[in-house]
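In this note's numbering, the protein residues as written are 86 to 337.
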């Protein structure tokens, strides 16, 4: 070996750890779920059939199914065949729910994330205007108007509006992420809607902001839609956190 050759190894990268068999099996099944070969409500093959299909042991097949059940892609019951479930953001929603209820700081962080996320959603929704989502937004605005002064109705309509906006992008992954943030929106919407000093003018202004946002998306005006998202957060959510801050101070 030449004197000027360093002792440094020729190949510095380490070999990747081979994937666990259960991970490989669960990913293959998940792919079938996402590409529609297995649809919500369908029965999955038994553990034994999965084991034979992939050439693995039954415990490996069982672990793969456990992984899929843990993230909400399938439903399992002892003694019964597993079934595919609808692919939603529910598992993420549970995580965010724990977080935002743990402290005001986490709620503020989550809502900041939601603001950034919905800015992009509004722009894309205005560009694509997927029919189902636009219809959902339209119906939600109507329900918000009818729910003025009735927090229970208003909050559900508010959540439906923002899910409809995500649906209007025509992007499945965006829809799932929006579903995953329902807990964040619910916490903020409840704070805002249940303020003791909320006047009829406040209620009406909130509905008008949503009506203007809907109109911008319906008309394909992405810049206006983003502007309305910013106004929404500046007005509605700032007021909510003022209430939350008072509550936080009372607890100190």
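Built from N, CA and C at the ideal position, the CB exists for glycine as well.
Between residue 185 and residue 195, the C-beta spacing is below 7 Å. Excluding sequence positions up to five before and after residue 153, its CB lies within less than 7 Å of the CB of 111, 114, 115 and 159, all in the same chain and listed in chain order.
Collapsing the DSSP output to three states places residue 167 in coil.
Assignment of residue 160 by DSSP, reduced to helix, strand and coil, places it in the strand class.
Excluding five sequence positions before and after residue 314, the CB atoms of its chain that fall closer than 6 Å to its own CB belong to 203, 204 and 207, given in chain order. Classified as buried, residue 118 has 16 or more neighbouring CB atoms from the shown chains inside 10 Å of its CB.
With fewer than 16 other CB atoms across the displayed protein chains lying within 10 angstroms of its CB, residue 183 is exposed. Nearest C-alpha to residue 132 among 173, 156, 166 and 215: 166. Boundaries for residue 306: no alpha helix (DSSP H) harbours it, and the DSSP string shows neither H nor E there. Residue pairing for residue 128: DSSP places it in a beta bridge opposite 168. Residue 140 carries a coil assignment under DSSP once its states are collapsed to helix, strand and coil. Distance from the Cα of residue 121 is smallest, within the candidate group 266, 295 and 257, for 257. Ranked by how close their Cα comes to the Cα of residue 244, the residues 253, 234, 255 and 268 have 268 in first place. By the criterion of a C-beta distance shorter than 6 Å, residue 217 is surrounded in its chain by 252, once the five residues flanking it on both sides are discounted.
Scanning 128, 147, 236 and 319 for the CA closest to the CA of residue 109 turns up 147.
Going by beta carbons, residue 279 and residue 236 fall inside the 7 Å limit. In chain order, 250, 253, 254 and 302 place their CB closer than 6 Å to the CB of residue 210, counting only its own chain and leaving out the 5 sequence neighbours on each side. For residue 120, no alpha helix (DSSP H) segment is defined, and its DSSP state is neither H nor E. The C-beta separation of residue 264 from residue 175 comes to about 7 Å, placing the pair in contact by the 8 Å criterion. Distance from residue 246 to residue 220 at the Cβ level is roughly 12 Å; contact not present, criterion being Cβ atoms closer than 8 Å.
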